[in-house]
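Student:
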Amino acid sequence: MEFLILGVAILVVLLVAVVALVTPRRRRGTGPLPPADSLPPLGTTTTTAPTVEDEDEAPPVVVAPAEPALDVPEAAARRMVRLRSRLSRSQSTLGRGLLGLLSREKLDEDAWEEVEDALLTADVGVTATTEIVERLRTRTKVLGTRSEGELRALLADELVTALRPDLDRTLHTIPHGDGRPAVLLVVGVNGTGKTTTCGKIARLLVADGRTVLLGAADTFRAAAADQLETWASRVGARVVRGPEGGDPASVAFDAVKAGTETEDNLGVDTVLIDTAGRLHTKVGLMDELGKIKRVVSKQGPVDETLLVLDATTGQNGVVQARVFMEAVDVTGIVLTKLDGTAKGGIVVSVQRELGVPVKLVGLGEGPDDLAPFEPESFVDALLGETA
1476 MEFLILGVAI LVVLLVAVVA LVTPRRRRGT GPLPPADSLP PLGTTTTTAP
1526 TVEDEDEAPP VVVAPAEPAL DVPEAAARRM VRLRSRLSRS QSTLGRGLLG
1576 LLSREKLDED AWEEVEDALL TADVGVTATT EIVERLRTRT KVLGTRSEGE
1626 LRALLADELV TALRPDLDRT LHTIPHGDGR PAVLLVVGVN GTGKTTTCGK
1676 IARLLVADGR TVLLGAADTF RAAAADQLET WASRVGARVV RGPEGGDPAS
1726 VAFDAVKAGT ETEDNLGVDT VLIDTAGRLH TKVGLMDELG KIKRVVSKQG
1776 PVDETLLVLD ATTGQNGVVQ ARVFMEAVDV TGIVLTKLDG TAKGGIVVSV
1826 QRELGVPVKL VGLGEGPDDL APFEPESFVD ALLGETA
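In the numbering used here, the protein residues as written are 1476 to 1862.
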């Protein structure tokens, strides 16, 4: 009987040991394991909403360094060739129409009125159209130009001049000597493709060898931060985001702080900050943008403030731009959706009315359909190839 009791005791000890080995150990105070279906997918980061006690002080969440890039963005030089071809197909109607009018045997008042109408229809703008037509009338009369090749060269020269090739279109994305990253603030109304443009700019910079961090300062649209994380994951970038409805300026500040070189060597070359296009609070949108810029400037100057405009809105886009110009110092325009139904002349009118250069253009929905704007290439595509 004693041997039986001893055997049972040994068996119990062995069972306890086995259970201890196979049961996951948890740190004290962490509670039971959550169900498997409640865990986030591998490689993602979640944001916990602040509690009532710390709602005003809840810091933005820095998304850990992303996994290696899933794809390689297309270099600017290669995408320019493809985008030029696409622009030529969608915009050359204007060029062919103007060349056809100018090639008439007799350029009377009716013909020049048609030239003027064609430019106005293309959203070139009244003032710019008047100047272009007057210069064309003078030059064709003095030079006696009539061949299609000569007319094309003449028209191209006038359009390039109207696009102000002298404007500085450099995108200031190089980090400062003291370790601070270049800071780009991206603004614009909802619907212009602002958040998508941030992702595309990140791809453009990564293709140019830059390291990038994205700041999700559009805290009033939940999908905005998720979109940025998706874009960032494709190229191996990091994202700083905050709780939904949180303070956008706080997110922007922490994004620049996180992008600055530290002891952990997590600094980046460029910080891109996406902002809200519409707010659901009593604070005006322009007041909020001004606050973001002031807060970010405490760590150093904002290198670029890019205004994203939808090219299909035509002259309405110019009206929108004026409002933003009054709130923040816009340094460059990004024209999206320039393909399809967009009027190519909007580039002329936007620059003329605002005195700010168009620095980037988007010509499609693809991830690499964004490229630096070059006046000469734009006009060549607009007029099509020489016959």
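The beta carbon of each residue, even a glycine, is placed where N, CA and C say it ideally should be.
Output needed for L1574: all residues of its chain with C-beta closer than 8 Å, excluding positions within five of it in sequence on either side, in chain order.
Tutor: Taken in chain order, the residues that qualify are E1623, L1626, R1627, L1630, L1858.
Student: List the whole-angstrom C-beta distance separating T1615 from D1785, where the pair is believed to meet the contact cut-off of C-beta under 8 Å.
Tutor: Not confirmed; about 35 Å, so no contact.
Student: Let me know if V1599 comes out buried or exposed under the rule of 16 or more other beta-carbons within 10 Å of its beta-carbon.
Tutor: That one is buried.
Student: Given a cut-off of 7 Å, decide if G1720 and T1694 are closer than it, judged by their beta-carbon atoms.
Tutor: Yes, these two residues count as a Cβ contact at 7 Å.
Student: Please specify which runs of the alpha helix (DSSP H), each continuous and at least 4 residues long, are wholly inside the stretch 1627 to 1685, giving them in chain order.
Tutor: Correct list: 1669 to 1682.
Student: Assign D1843 to one of three DSSP states: helix, strand, or coil.
Tutor: Reduced to three states, the DSSP call for D1843 is coil.
Student: Thinking just about the alpha-carbon of each residue, which of G1619, I1748, V1714 is nearest to the one in E1580?
Tutor: Of G1619, I1748, V1714, the residue nearest in Cα terms is G1619.
Student: Looking at V1833 and V1823, is the spacing between their C-beta atoms short of 7 Å?
Tutor: Taking 7 Å as the Cβ cut-off, V1823 and V1833 do not qualify as a contacting pair.
Student: Note the first and the last residue of the continuous beta strand (DSSP E) segment covering G1765.
Tutor: Segment 1760 to 1772 is the alpha helix (DSSP H) holding G1765; no beta strand (DSSP E) there.
Student: Under 6 Å Cβ to Cβ from R1753, same chain only, skipping five residues before and after it: list those, please.
Tutor: Around R1753: N1665.
Student: For the beta strand (DSSP E) containing D1749, list its first residue and its last residue.
Tutor: Residues 1745 to 1749.
Student: CB-CB under 6 Å to L1660, same chain, minus the five flanking residues each way: which ones, in chain order?
Tutor: Within the same chain, L1660 has close Cβ partners I1748, V1777, T1780.
Student: Counting Cβ pairs, one atom from each stretch, are 3 or more of them under 8 Å apart for the stretch 1687 to 1703 and the stretch 1838 to 1855?
Tutor: With a cut-off of 8 Å, the stretch 1838 to 1855 and the stretch 1687 to 1703 do not count as touching, because too few Cβ pairs lie within range.
Student: Measuring alpha carbon to alpha carbon, tell me which of P1842, F1799, T1735 ends up nearest E1759.
Tutor: At residue 1759 the sequence reads Gly, which differs from the Glu that was named. Checked all of P1842, F1799, T1735; the closest Cα to G1759 is F1799.
Student: How long is the line joining the alpha carbons of W1587 and T1705, rounded to whole angstroms?
Tutor: Between W1587 and T1705, the C-alpha separation is close to 51 Å.
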